[in-house]
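J.:
Protein chains in written order, with full-length UniProt numbering: chain W, 1 to 995; chain B, 1 to 115; chain Y, 1 to 426.
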């Protein structure tokens, strides 16, 4: 049966292209629709009433709305990795080959086994789970909870990586207009004409808002026609950007809005255009002013069994007829408490749809004449029948009507959500019986935001148009855009008279739904209040009201009315919950944009990265950097073999290591020496030009922050090095000291990390190797260029370079720096020059082994939790001068005698392997917190010594040399007896450095 | 958020790194050279320790107007003193921290002169 | 501990009771807590009806028999951070001042339902911290050992171990590859709102007055002694006044003239639409700040870093939303098509070393509990337990004796991540 509910072509609105038939599939069945349909309108056209199941009771659910507020018609869209759960059929555009599948049922949609929950509903009331499932204790996690988890949830993720691309962008404008309904269009036109830079965003794929759903006249033409004309005019303006399929999601500080544009969601994934575009774009819109013209949402009336498929918003039924050429039923009834509900009857009747009955809760004269319809004034719907779709309704006056669609209107709520994103509380407007955004000033409205049209409570068309027009005019003027603006669009003022009728009063047994998705009924509200959950937030949290995917867009206000009634309060006295971003749910991937996979964060490569790659290096992530860990040679099967070789060869002859990632900060000025005195705990002003000194930097709280060497290149010129990890933080810190603490010092600092490629050349043959490439006019003999010397040199026949005689490995060693662009060739040249010495390239692992052999602290020791005292460098903290952290490092607990001290450890049984992270316990004591005496921070296999070594912190370690303690590692189930030794395992007197 | 940089104009807050209350600019004066074991010195040291404790750790943490330090790390590396409301996030004023620090110094010097 | 058993003056919850009420129209359910007017004076006034305040009241009444107690709440109980967190519980700390405290908390969680006769859905489905480098692995070993030495459980997983638990993490294309992880199986989640309600019920049933919509506007302090509080419902006297208002600590304590080692920062949290089960336990990222779990209702609940600037706004800005979702996609590329439903912000007491305070103040009779950073939820039971101990005995509880206000003077700081006196980095 094809499109049984599609209206005749002569009744067409023009939004549906009858020449473009679209084939789609729902739950394995093939259907047809037209271009211009949503999945919902196409399903309704094909008389598919049952499309979903509710969350808790698995009640049959049909399409309830025609917009993004849909609580019911959620389904899986697409298949495979493209499968998206919880898609609202009411906003999903139909495309050729679309596949949709209902969700949250066991067995078929029609025969959902979980529907048994509905019969158990007396037991499954609000909060029932807090009162039970407690016995026996172990059963919660083993039995009850797994069952609950399996039956909860709605749609299903595919479990595969999202195959689509996403993007982000920035936009700037004078006025952001949110919603392209009547007030938004009027505002955009006026603002555009005034000369403001305008962005007009609308979530729909056709702009015009309710003008497209209604039969109103504007400026003497059909409203939809006026919208089309206006849009054409706006499109011709250079200062106006029209963004359809774009939902404004959140209002952030200082006029920044987030918005999601759906680029390809209306296309088949096989469509060629689909592949060329990102699926969605997250826009960050910077606006000077914003106009919220987001319209309003129709609210339901609560009455017994008001949740059956076929019971819909009256406005939605009208939309399906007027815009989509679809009759939501063959025999429609209307239940309203206001005049607007009658428009549905009138519009449907005009389309030739049979109106069974119009039921108005008000005991007044009928609002209109509806031919052939039973008019029931002062009556209420008190029950409904129909298992999978509505069949009949019962009225309070005893009458029963057969009907397959009940259009319900409980009045309209302004869409105030975005106005509350700064925690503004909406105000009750007693004329329209709804909340409207709080006024400017105290209410927490975003300062740049103004409200127009129905969103502001101007529910009739004429005032919606004029409020948008006037607001845009005055805001443009405020911004200095004062070109001539055309007249305000004119419309008849239609009647919006309504009444404070929210729910049908019933006995306690029947259930009237408030939140259709989460199955919250008037009974649940009553129970929550009975149990003392009277604050509106308590009711929400206890019953889950308004926590479904629609965030209470249709349910909140009727529920508040029920609460108010139970408590004898007014609705504003009950108060509101808080609207939070996003306005509608957004794919997590859209917020992530391009930052995925390897592009999750930027990657920094050293100047000679390519060279290392050519040598087959194993790389490792070190912060943002990629560093070579080791360089495996043919035949090496384990990383340890490579590392041992690199260490041994370096210690025996010469090794080269890329140390370009170390932070380099250039410091210049007449007060540079004084500045360094204040930022390092030790003294630098006395350092001779041409020499280097090790420096320890403290935080102001006295703990060690960073260490490194600083070279004095000239009278007023120093070059500081930092650890790789702290390069950025130290630079920031130095700028803080310079600008905020000592603005009168003549000193400037700038990061030079990326300006130089730097290589360590270490080992007994280091000098011999360097002498081959350092230009001969530079004497680098031990006498002329002793340990800790530095200077500007040239290499390879005139290339500028810097040489520092410093050593991390404990060998005779230098670091040579060349401008970044020479990094690759420098590396190559060094290795070529080193061939005759059997020079080796070594990575960060060998670097680490050699520094542990020398007992040097690194990242595992400089954790930000250790002091100079802990590190055995307490004497470096000069008390003769002011320096950052110098005072706080004297706090009693930080300098106590039995503080942890950094020392070395060797296993008593040399064949044992040590592990970092073990805790030290006195021998014979048990491994419990009270007996904890410290921890092993770094370990290595020392090829020089032929066994495992470690350094670590232990109480009074420096006074306990030779003591045997247990390095306890219950996590890995291993305890090792270790001897406390000096941390200087290799060449303790430092003779090799100085030769 | 948008910070109106005094030199560069409006910049997105994500270009900046936040430090905290601008009171961090008021670092206590150096206590002078300390020699262990001398009583007068210890009392002076204890007082200095208290001053530093308060400077490093205690905050008014005002709900409302708050002077605070932001660093334009992804920009010109200026430290700024931003006066911002911690309830509404409205920004009232933005100054170069160096200017503020120099002004404070001048103010302190002239106060000292009066004494 | 004088009384650890359940002694309820109202009626017990049970499966039988639920069935009986279902069959009789649920007419028998009574309010979970009463709505009393404040008395003139109490033995102890607790300021703040959040998780910690209500837990303190419950343990004062149930363990120390001190029931002449009022909990004063500015708004509705449980409306602060106990009602807006990511519901994670764990005891996986490094320092000896922290770990035994959090392990006590874990043990109290494990007995909570029986203690309170209220099902807060304590669910120990495991907390997994991913590691992405060798040094991170070393740090996890050190931490895991601290955990085990305090009596907690910990397991070190290699990459294969992680893959077995969560095969759909990004193992192949990650910018920061997953090398392994530290797993605490006893970690998990709890239904956060129910914690407040359960403690409220426990305290109320023993006679504690829970007074909502009662804002403290000042302290009654005379000669260095606190004798009560001023409120919008009038002055209320007390022998002891106990502040317990994390997020608002500075605001409340400034009324007693105190500056605290605390800044207020906003932390955002996120929940997706309901989904069929995909993530069983809690997963945290190690190369950035991110944690995620899936609630019993099906929503992915996740969070990340602070917004970084001082704020009392209870709302955040977009950069953190993007950062958090970027990390989510970096480790779980399969959640891309799950939709974010709601994101909100809470105000955190960020302390100078990232650790909390449970202590007396220099004003006699005035006590302080705060500085929980964003670790307060998991601490709820032990915080209440230890605060009750302090209030009842005037001595700090053994596992909370490090949480002193003067620790920055002595240097006994408890800095888990080594960032120093920089509150937004903890």
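Glycine included, every Cβ here is placed at the ideal spot set by N, Cα and C.
Please classify residue 118(Y): does DSSP put it in a helix, a strand, or coil?
T.: Coil, per DSSP.
J.: Comparing the C-beta of residue 553(W) with each C-beta of chain B, is any distance below 8 angstroms?
T.: It does not: the Cβ of residue 553(W) has no partner Cβ on chain B nearer than 8 angstroms.
J.: What runs of the alpha helix (DSSP H), each 4 residues or longer, lie entirely inside the segment 260-298 of chain Y?
T.: Counting only runs of 4 or more, we get nothing.
J.: Residue 905(W) by DSSP, collapsed to three states: which one?
T.: Strand.
J.: Does any residue of chain Y have a CB that is nearer than 8 angstroms to the CB of residue 91(B)?
T.: No, because no Cβ of chain Y sits closer than 8 angstroms to the Cβ of residue 91(B).
J.: List the residues of chain B that residue 268(Y) touches, going by C-beta distances under 7 angstroms, in chain order.
T.: What residue 268(Y) touches in chain B: nothing, since even the nearest Cβ is about 14 angstroms away.
J.: Terminal residues of the continuous alpha helix (DSSP H) containing residue 322(W)?
T.: Here the alpha helix (DSSP H) through residue 322(W) covers 314-322.
J.: Quick one: which unbroken alpha helix (DSSP H) runs of 4-plus residues sit fully inside the segment 618-695 of chain W? Chain order, please.
T.: Entirely contained in the segment 618-695 of chain W, the alpha helix (DSSP H) runs reaching 4 residues are, in chain order, 639-652, 672-679.
J.: What residue range does the alpha helix (DSSP H) around residue 17(B) cover?
T.: Careful: residue 17(B) lies outside any alpha helix (DSSP H), inside the beta strand (DSSP E) at 17-21.
J.: Span of the alpha helix (DSSP H) holding residue 393(Y)?
T.: From DSSP, the alpha helix (DSSP H) with residue 393(Y) extends over 376-393.
J.: Across which residues does DSSP place residue 414(W) in a beta bridge pair?
T.: Residue 414(W) is bridged to 296(W).
J.: Quick check: does the Cβ of residue 372(Y) come within less than 7 angstroms of any heavy atom belonging to the ligand NAP?
T.: Ligands in the displayed structure: none, and consequently the ligand NAP is not present.
J.: Please report the distance separating the alpha-carbon of residue 446(W) from that of residue 329(Y).
T.: Between residue 446(W) and residue 329(Y), the C-alpha separation is close to 31 angstroms.
J.: Which full runs of the beta strand (DSSP E) of 3+ residues lie inside the UniProt domain "Aminomethyltransferase C-terminal" (901-987) of chain W, going along the chain?
T.: Qualifying beta strand (DSSP E) stretches, in chain order: 919-922, 934-942, 947-955, 964-969, 974-981.
J.: Give the straight-line distance between the Cα atoms of residue 166(Y) and residue 181(Y), rounded to the nearest whole angstrom.
T.: When rounded, the distance between both Cα atoms is 12 angstroms.
J.: Please confirm if residue 15(B) has its CB atom under 8 angstroms from at least one CB of chain W.
T.: Output row for residue 15(B): interface = no.
J.: In the DSSP output, what is residue 84(B) paired with across the bridge?
T.: DSSP lists 66(B), 91(B) as partners of residue 84(B).
J.: Which partner residues does residue 61(W) have in the DSSP bridge list?
T.: Answer by DSSP bridge pairing, in chain order: 52(W).
J.: Under the three-state reduction of DSSP, which class applies to residue 733(W): helix, strand or coil?
T.: If DSSP states are grouped into helix, strand and coil, residue 733(W) belongs with the helices.
J.: How big is the Cα-Cα spacing for residue 980(W) and residue 912(W)?
T.: Rounded to whole angstroms, residue 980(W) to residue 912(W) spans 15 angstroms at the Cα level.
J.: Give the residues of chain W in contact with residue 118(Y), contact being defined as C-beta atoms less than 9 angstroms apart.
T.: Near residue 118(Y) (Cβ distances below 9 angstroms), the residues of chain W are 130, 131, 134.
J.: Using a Cβ-Cβ distance cut-off of 8 angstroms, determine whether residue 246(Y) contacts chain B.
T.: No - not a single Cβ of chain B is within 8 angstroms of the one on residue 246(Y).
J.: If contact means a Cβ-Cβ distance below 7 angstroms, which residues of the segment 721-750 of chain W contact chain B?
T.: Within the segment 721-750 of chain W, the residues whose Cβ lies closer than 7 angstroms to some Cβ of chain B are 732, 735, 736, 739, 740, 741, 743, 744, listed in chain order.
J.: With a 10 Å radius around its C-beta and 16 neighbouring C-beta atoms as the bar for buried, classify residue 735(W) as buried or exposed.
T.: Label assigned to residue 735(W): buried.
J.: At least one CB of chain B closer than 8 angstroms to the CB of residue 428(Y): is that the case?
T.: Look at the range of chain Y in this structure, 1 to 426, and you will see that residue 428(Y) is not part of it.
J.: Mapping the DSSP letters down to three states, classify residue 31(B) as helix, strand or coil.
T.: Coil.
J.: Give a yes or no on whether the C-beta atoms belonging to residue 799(W) and residue 774(W) are separated by under 8 angstroms.
T.: For residue 799(W) and residue 774(W), no; Cβs fall outside 8 angstroms.
J.: Just to make sure I have the definition right: I need the residues of chain W whose C-beta is within less than 8 angstroms of the C-beta of residue 314(Y). Which are they?
T.: Correct list: 423.
J.: At a Cβ threshold of 8 angstroms, is residue 329(Y) touching chain W?
T.: Taking Cβ atoms only, chain W reaches closer than 8 angstroms to residue 329(Y), which makes this a yes.
J.: Inspect the CB distances between the segment 715-722 of chain W and the segment 873-891 of chain W and report whether three or more fall short of 8 angstroms.
T.: No, they do not touch.
J.: Checking 8 angstroms against the spacing of the C-beta atoms, do residue 665(W) and residue 759(W) come in under that value?
T.: For residue 665(W) and residue 759(W), no; Cβs fall outside 8 angstroms.
J.: Taking residue 567(W) as the reference, give the member of 533(W), 577(W), 582(W) with the closest Cα.
T.: Residue 533(W) is the option with its Cα nearest to residue 567(W).
J.: Assess, as a yes-or-no matter, whether the segment 37-57 of chain Y is touched by the segment 553-560 of chain W under the definition of 3 or more beta carbon pairs within less than 8 angstroms.
T.: The answer is no - the segment 37-57 of chain Y does not touch the segment 553-560 of chain W, with fewer than three Cβ pairs under 8 angstroms.
J.: Identify the contact partners of residue 531(W) in chain B, using a Cβ-Cβ distance below 8 angstroms as the criterion.
T.: Those within 8 angstroms of residue 531(W) in chain B number zero; the least Cβ separation is about 34 angstroms.
J.: Below 8 angstroms between beta carbons: does that hold for residue 157(W) and residue 338(Y)?
T.: Yes, these two residues count as a Cβ contact at 8 angstroms.
J.: CA-CA distance, residue 65(W) and residue 40(W)?
T.: Going by the C-alpha atoms only, they are around 9 angstroms apart.
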